[in-house]
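Heads up: the sequence shown begins at 6 in my numbering, then just goes up one per residue.
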Amino acid sequence: MNYHFGSLSNRTDDFKKSHWFYIFLQKKRNLHYHKVNHNHRIGDSRTLQLKDENIIFEDKIEEVTVKNIKSLIYFGKLDVNPQYCPACGCVKEGHNVVKNGAKTSRITLTKVSGLPAYLLLRKQRYYCKVCASYFTEKSNIVGENCFISKRVKRMVMDLATKSLTLKHAVFPIILYSA
């Protein structure tokens, strides 16, 4: 690409033709799902190595395109029966803590077979009639109000603390994104 100090329109046209403009557009787009192929059967959580016993996995994986990258979507349900309200501490007895819908969270997981992986986790919401508060079930694979798994955060911290050359830092990323 030739760099020149011509008019602004020539420079913006060059930028639009460049690889960086493509990356710029990718960051500006929203997350779009579309189904690529049929569902596949999975065994259990051993594939993802998640240690939360309260997650019940559905027997399907969807291969979808997320931001023009082929990704794997796992489906699960968080099955926790709360014994008390976390806001006021009242013990669940009778109908003072009742179910109030569900919330689905898309949790970012580590890559599986070189593909980005996500877990669509359905969590039950509850309503406490004593203190009139709402709360949602919590899982130990993610922090509170977070959608990136703790394992991904540890992996990023591990890579950040290693003394790597640029070639060694970029090479695994190129392999996984191809």
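The beta carbon of each residue, even a glycine, is placed where N, CA and C say it ideally should be.
Worksheet item: Can you tell me where the alpha helix (DSSP H) with residue 163 in it begins and where it stops?
Response: Element bounds for residue 163: 155-166.
Worksheet entry | Closest Cα partner of residue 123 within the set 154, 142 and 56 | For residue 123, the closest of 154, 142 and 56 by C-alpha to C-alpha distance is 154.
Discussion item. So residue 103 and residue 132 are supposed to be a Cβ contact under 8 Å. How far apart are they, rounded?
Written reply: In this structure, residue 103 and residue 132 form a Cβ contact; the two beta carbons are roughly 6 Å apart against a cut-off of 8 Å.
Fill in: residue 64 - containing beta strand (DSSP E), residue span
First-last of the beta strand (DSSP E) with residue 64: 60-71.
Worksheet item: Should the segment 65-75 be regarded as contacting the segment 143-159, the criterion being three or more beta carbon pairs within less than 8 Å?
Response: Under the three-pair Cβ rule at 8 Å, the segment 65-75 does not count as touching the segment 143-159.
Fill in: CA-to-CA distance, residue 99 to residue 147, given in whole angstroms
The straight-line gap separating the alpha-carbon atoms of residue 147 and residue 99 is approximately 31 Å.
Discussion item. Quick check on DSSP: helix, strand or coil for residue 41?
Written reply: A caution first: residue 41 carries a pLDDT of 36, below 50, which makes its placement in the model unreliable, though a value can still be read off. In the three-state reduction of the DSSP assignment, residue 41 falls in the coil class.
Worksheet item: Taking just the CA atoms, how far does residue 128 sit from residue 34?
Response: Below a pLDDT of 50, predicted positions are generally treated as unreliable, and residue 34, at 45, falls in that range; the measurement from the model is reported next regardless. Roughly 27 Å between the two C-alpha positions.
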